[in-house]
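Input: a single structure, listed below in structure tokens.
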Amino acid sequence: MNETIRIFFILLMKNWHVRKKCWVRTIVVQIIIPIGFFLIAQTIRLLSDNSAKYVNKITYHEIQSKQNILNYRCGLNNMNYHEIQSKQSLQNRTCRLNILRFTPETSATIDLIRYTSMCLSEYTINSPVNFSGAVDEQTMVKDLTQDQVGDFPVESLGIVFETKLDDSVPINFKYKFRTKGALETNLYDAEENGNMANRLMLPPTVVPLQLCLDEAYINWVSQTSSGAVKYSPKISIQQMPYPPYTKVDRGTTIGGKIFSETIKFVFLIILCIEIAYPAIEKNIGINILMSVNGVTAKMNLLSWFTSAAVFSTFYLAPFVIIMRHFMPPEVVPFLSFGDPFIVWFVLLVNLCHTISFGYHMSSHFWKPSNGIFATFVFLAVLNNISNFATSAAIRHTFLYIGLICPSILLQRMFEEITVYESKLVGISWSNMFTVSSADVPSEGSVGVM
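The numbering of the sequence shown is the numbering used here, which starts it at -6 and goes up by one.
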């Protein structure tokens, strides 16, 4: 045992002398250039910085009248009234609904839809919106789909009356909308604070349609009531108050993406340097001489791996320091809330994973240049493929592909760190083994990866 330890330390000294002899490669390529790239990434991040902030108040929105809502829908609020507007120009700005589909088709629903159609065109120069009934919901959805087929798609919306409407006035009025496609994800994406509800007033005009349909129902109730006085409804609408929240901007996400891509590129450079040392020894026959003297290839590789892990402190520690402290006074650092030791440990483990993968790949090639080239190309191709993986199933699969491609895991870990920073809690020992959002698989936590 003592002899094995003595031989191992001799190998470490041998590796140190090799690095010392190749001092340009060791200092410039493995330390100065990576830190320089990281400083460039930090500068780019400063250009897009808009760090997460906690809004400790309830956000109230203004009450919008019916005229404001319909004018907003038609693009009339932003119109320059000092210029002469042609009829064609006005029609191009109306963003009108072409056809309104509904089900079931009864005399009561037809009256409601007719009133709604007139309401939608009240503040425009267009004629009332066309409407068409359907037997059931399935038929109506097929019609909505058919509206999008052809060279000139038709802007359409569907209404399903879930309350049975006849000549008597129902106490509860329940309905739902069917659109031509799924709602945009940024309406409820935490990254955008869920504060994009005003997009619902753009085509296909969900909010104006709801306003006019509710007014049609209130008018119907008023006109069919037995009271002597008939009321004309005047409706306004207000967005629900927004509770205190953490305001997140895409600048935070962009910063995390820049750092992860930079570190992946830096690790690729360092990998090519590290795998060259044992590959050159193998190429010139030093492995054979060492095996004759009782030094196994396994122990030699372990010594190179250990020296690479120890040497990584000289460039990994500056990375963490830059993310934590290297900022102008008025800019919040990227790593404001997370534990710097955990981030350093994440980088160290991923670097060790990357170097181990490089040793395995280069061992299949006799010439060092061939092994380095094959490793570089393999990692670069898989990294590009992972960047274009968007579906949840593929992203889940890529977590397991990350076992042979460490850069994929590094990207995923930085996504987790970025989300925790945007929540103003940061990565810590308490949340290492929990995922940051519900749409991430359980094995996607930093601790598991």
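For each residue, glycine too, the CB sits at the ideal point set by N, CA and C.
| Check | Outcome |
| --- | --- |
| If you draw a straight line from the alpha carbon of S349 to that of F298, how long is it in whole angstroms? | 8 Å |
| Do G249 and I0 have their beta-carbon atoms positioned less than 9 Å apart in this structure? | no |
| What do you get for N8, buried or exposed, if any count of 16 or more other CB atoms within 10 angstroms of its CB means buried? | buried |
| Sorted by chain position, which residues of the same chain lie with C-beta nearer than 7 Å to L266's C-beta, five sequence neighbours on each side aside? | Looking at the sequence itself, residue 266 is Ile, so the reference to Leu does not match. Taken in chain order, the residues that qualify are R18, V22, Q23. |
| What's the C-alpha gap between I37 and I420? | 23 Å |
| Could you tell me which residues DSSP puts in a beta bridge with L150? | L93 |
| Give the straight-line distance between the Cα atoms of E414 and F426, rounded to the nearest whole angstrom. | 16 Å |
| With a Cβ-Cβ cutoff of 9 Å, do S253 and Q141 count as a contact? | no |
| Quick check on DSSP: helix, strand or coil for F334? | helix |
| Of the choices V214, T217, Y352, A310, whose alpha-carbon is the least far from that of I256? | A310 |
| So what's F312 in DSSP terms, helix, strand or just coil? | helix |
| Buried or exposed: where does K459 fall if 16 or more other Cβ atoms within 10 Å of its Cβ makes it buried? | Only positions -6 to 442 of the chain appear in the structure, and residue 459 is not among them; the question remains open. |
| Can you tell which of V199, Y108, F312 has the C-alpha that lies nearest to the C-alpha of S225? | Y108 |
| By alpha-carbon positions, which one of H357, L417, P201, D332 ends up nearest to N276? | H357 |
| For N424, does the three-state DSSP call read helix, strand or coil? | coil |
| Given a threshold of 16 other Cβ atoms within 10 Å of its Cβ, counted over all protein chains shown, does L344 qualify as buried or as exposed? | buried |
| Determine the contact status of T368 and I268, defining contact as a CB-CB distance below 9 Å. | yes |
| Take the Cβ of I237 as the centre, count every other Cβ of all protein chains shown within 10 Å, and call the residue buried at 16 or more, exposed below. | In the sequence under discussion, the amino acid at residue 237 is Pro, which differs from the Ile named in the question. So P237 ends up on the exposed side. |
| By DSSP, does I211 sit in helix, in strand, or in coil? | helix |
| For Y53, which three-state DSSP category applies? | coil |
| Do you know how far the Cα of F166 is from the Cα of N73? | No answer about N73 holds up, because its pLDDT of 43 lies below 50 and its placement is not dependable. |
| With DSSP as the reference, identify every bridge partner of Y168, one or two as the case may be. | F154 |
| Ordered along the chain, which non-local residues of its own chain (more than five positions away) have a Cβ less than 6 Å from that of E(-4)? | none |
| Counting only the same chain and skipping the five closest in sequence on each side, list residues whose C-beta sits under 8 Å from that of T156. | P163, N165, F166, K167, Y168 |
| Just to confirm, is the Cβ distance from T99 to D136 under 9 Å? | no |
| By DSSP, does S355 sit in helix, in strand, or in coil? | helix |
| Between L375, I378, T132, which has its C-alpha nearest P97's C-alpha? | T132 |
| When the Cα atoms are used, what is the spatial distance from L280 to I3? | According to the sequence displayed, residue 280 carries Asn and not Leu. Taking the straight line joining both Cα atoms gives about 15 Å. |
| Tell me the rounded alpha-carbon separation between L341 and T289. | 26 Å |
| Rounding to the nearest angstrom, what Cα-Cα distance links I410 and I56 in this structure? | 39 Å |
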